[in-house]
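Inspection log for the structure reproduced underneath, given as structure tokens.
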Amino acid sequence: MSKNHRGSGIRALPAHGRGICPICKKENIKVLYEKEIDGATVNICKYCNAALKNKAKAAAN
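Numbered per numbering that gives the first Met the number 0, the sequence shown spans residues 0 to 60.
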């Protein structure tokens, strides 16, 4: 079976959702996760998103 619609949500985004992550400064990485950092909403990569979630989870324990 083909997977024709995989990734169809990011095809409409500029550069197919790729850019520079403001946290880790990696270039040409998918920045698809919106987070509020210092009062501004920015898009970050999945690695920084996971790191922020893990940091919040550790702080809650």
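The beta carbon of each residue, even a glycine, is placed where N, CA and C say it ideally should be.
**Message:** As a quick exercise: from 38, 22, 60, pick the residue whose alpha carbon is nearest that of residue 46.
**Reply:** By one-based count along the sequence shown, residue 46 stands at place 47. Checking every option, the nearest Cα to that of residue 46 belongs to 22.
**Spatial neighbours of residue 43 in its chain, beta-carbon cut-off 7 Å, leaving aside the 5 residues before and after** = Counted from its first residue, the sequence shown places residue 43 at position 44. Excluding sequence neighbours, residue 43 sits near 20, 21, 22, 30, 32, 34.
**Request:** Grab the span of the alpha helix (DSSP H) containing residue 58 for me, first residue to last.
**Result:** The count along the sequence shown starts at 1 and reaches residue 58 at position 59. In the DSSP assignment, residue 58 falls within the alpha helix (DSSP H) that extends over 45-59.
**Message:** DSSP has residue 42 in a bridge; who is on the other side?
**Reply:** By 1-based counting over the sequence shown, the position of residue 42 is 43. Its beta-bridge partners are 33.
**Item:** C-alpha gap between residue 5 and residue 38, whole angstroms
**Value:** In the sequence shown, the residue the question calls residue 5 occupies position 6. In the sequence shown, the residue the question calls residue 38 occupies position 39. If you take the alpha carbons of residue 5 and residue 38, they lie about 33 Å apart.
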